[in-house]
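Residue numbers (our numbering): 589 to 721.
We put the beta carbon where it would ideally sit given N, CA and C, even for glycine.
No experiment lies behind these values; they were computed from the predicted model shown.
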C-alpha cells in the first residue's frame with residue numbers, strides 16, 4: 589500500500605510539472621485565431637477603412653446596437669439649374685467639345701507616327717536579314 593501511495597505522489601508531482609503539449613494543428617488554429625483578425629484589421633487600415641466597424645458589420649454586432657443607422661433610403665432630389673448655372677454649363681460643354689476635338693487630332697497624329705515607325709522597323713529588320721545572309 590505504501591508503494592501505491594508513493595507512485596500516486598510521483599504521478600501527481602509529474603502531472604503538475606509536465607508542460608502542456610500541443611499538436612501542430614492546435615498550434616496552427618491558435619495562431620490563426622490571433623493572426624487572421626489582425627491581418628483583417630491591418631488590411632482594412634491599409635485601405636483607409638475602419639477595421640472595427642467593418643468587423644462588427646461582418647459579424648453582425650453593429651446591427652444589434654444601432655438599428656437606425658441603416659436607414660439610408662433617402663434620395664436626394666436634384667435641383668434644376670438656374671440660368672446662370674446653365675450658362676456656365678453650356679460654356680463648359682463647348683470647352684469640353686473643343687478639348688475632345690483637340691485630343692482626337694492628337695490621337696490621329698500619334699497613330700500616324702506609330703504606323704510610320706512600324707514601317708521603319710520592318711524596313712530595318714529586312715535590312716538586317718539581308719545583311720546577315
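Check	Outcome
Alpha-carbon to alpha-carbon, residue 708 and residue 690	27 Å
Residue 665 in three-state terms, based on DSSP	coil
Per-residue DSSP class, three states only, for residue 682	helix
Cα-Cα separation, residue 698 to residue 636	39 Å
Proximity of residue 632 and residue 642 at Cβ, strictly below 7 Å	yes
Collapsed DSSP secondary structure at residue 702 in the structure displayed	helix
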